[in-house]
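Before any comments, here is the structure.
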Amino acid sequence: MNAPIPNENRFGAYLRDRRIKLDAAALGFSGPRRRTPGLRREEVAQRAHISATWYTWLEQGRGGAPSGDVLDRIARALLLTDVEREHLFLLGLGRPPEVRYRETEGVSPRLQRVLDALDPSPAMIKTLTWDIIAWNRAALAVFADYALLPPEERNILRRLFLDPRVRAINPDWDSVARFVVAAFRADVARAGAGAEASVNTLIDELSRGSPEFAALWADNDVRYHGEGLKRLHHPALGPIAFEYSAFAVDGRPDLGMIVYNPATPQDLDRVRALVEAS
C-alpha cells in the first residue's frame, strides 16, 4: 500500500491554488474560452510528465505520497519559487526538499548590512562548499583580508589544511580540523548532485595536498556546525577566544552565516580596538 500524504487535504488544495493562478496562454495552452482560470489538470500533468489520472488523484488526496522526483517535476510545472517548492514538499512528504546548489559570488546588500551591524563580532557568509563570499570588518581584522585573496583561496578548508599560517594560529588544530571535515561532509550531502563536480575537485585537491585531510575524510564522520568555542593565537592579539554560532540564511538554504562573539568582555575590548585600528 502506498504511504499516505502527510497533509493530503492541504496538499491537494495547494496544488489546485497554484494551478489556477497560472496563465495558460503564456504557457502555450490556447483554445476555447475556459470556464475556470489557470491550467487544467491534464496540462499540469503534461508539463510535469506524469499521467493526468495520477495528478488528479494527487489533487484529490488519493494515490499515496509522490516521490521527491515527482514533486520536483510538479514544482517546475507550476513555476514554484524555492519557498513554494519547499512548502509543497513539506505538505506532500513531511520533509523539505534537497537544497538546490547554486554557484554564487556574493550576497544581497541587505544581508551585507546585517554582517556589518554585527561588528565588532567577526561574521561571515559561507556556501555549502565552504567558500567565504561575504564578511564584515571584524572578520577582516581577526581572520584575513578576504578582499585581497583570490576567490579560490577564500575557502575555509583550503586555508585550514593548505596554509601553514592558518594552522599556526589554531592551537587545537587537530580537533578543529576533525570538526571542520565532519561539518563539511554534512553540507556536501545537503548540496546534492548539483555540487558534485565542485566538491570532488576540492576533495581531490585537499587529499593530494594534505594527508591529514585525506585521513579525516576517510573516517566518514558527520556533524552539524552548531555552536562552540574557538581559540586562536592571533598574531596581533595573542591568545583569544570566541563563542561561535552558525545560522541558516532564510530563503537561501545554500548559504550559512557564522558569527564569532568574543568570549569575555576583555576579548571584546581587544577585538574592538583591533577593528578600529584597522
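Taking my numbering, the leading residue of the sequence shown gets 856, the next gets one more, and so forth.
Just so it is clear, CB atoms sit at the ideal spot from N, CA and C, and this is done for glycine as well.
Using CA coordinates, which residue listed in T984, A1023 and N864 is at the minimum distance from I1011? Along the sequence shown, read from residue 1 onward, the residue named residue 1011 stands at position 156. It is T984.
Start-to-end residues for the beta strand (DSSP E) that takes in E953: If you number the sequence shown from 1, residue 953 lands on position 98. That residue, E953, is in no beta strand (DSSP E); it is neither H nor E in DSSP.
Any chance you could list the alpha helix (DSSP H) runs of at least 4 consecutive residues sitting entirely within the region 893-941, in chain order? 896-903, 907-914 and 923-932
Leaving out five residues before and five after H1080 in sequence, what residues of the same chain have Cβ atoms less than 6 Å from its Cβ? Position 225 of the sequence shown holds residue 1080. Only A1038 and A1101 meet the Cβ criterion.
Close beta carbons around G1064, own chain, < 6 Å, minus the five adjacent residues each side: What you label residue 1064 is simply residue 209 of the sequence shown in a count that begins at 1. Excluding residues within five positions, the ones whose Cβ falls inside 6 Å are L1017.
Assuming D974 contacts R1033 (C-beta within less than 8 Å), just tell me the rounded distance between them. Sequence index remark: in the sequence shown, residue 974 carries index 119 (1-based). Sequence index remark: in the sequence shown, residue 1033 carries index 178 (1-based). Contact doesn't hold; Cβ gap of about 30 Å is too wide.
Reference R931; option with closest CA among G949, L870 and V962: Here the question's residue 931 lines up with position 76 in the sequence shown. It is L870 whose Cα lies nearest to the Cα of R931.
Under the rule that 16 or more other beta-carbon atoms within 10 Å means buried, what is D1109, buried or exposed? Stepping through the sequence shown from its first residue, residue 1109 is reached at position 254. Buried is the call here.
Simplified DSSP state of I1024, which is helix, strand or coil: Position 169 of the sequence shown holds residue 1024. Three-state result, I1024: helix.
Would P1026 and R940 be called neighbours here (beta carbons separated by less than 8 Å)? Working through the sequence shown from its first residue, we reach residue 1026 at position 171. Working through the sequence shown from its first residue, we reach residue 940 at position 85. Contact flag unset, no.
Closest to D1074 by CA distance: which of P1094, S1062 and V969 is it? By 1-based counting over the sequence shown, the position of residue 1074 is 219. Ranking the options by Cα distance to D1074, first place goes to S1062.
Compute the distance between the beta-carbons of F1136 and E898, then report whether it is under 8 Å. No statement about residue 1136 is possible, as the shown extent of the chain runs from 856 to 1133 and does not include it.
Could you give the uninterrupted runs of the alpha helix (DSSP H) lying entirely in the region 955-984, keeping only those of 4 residues or more? 964-972
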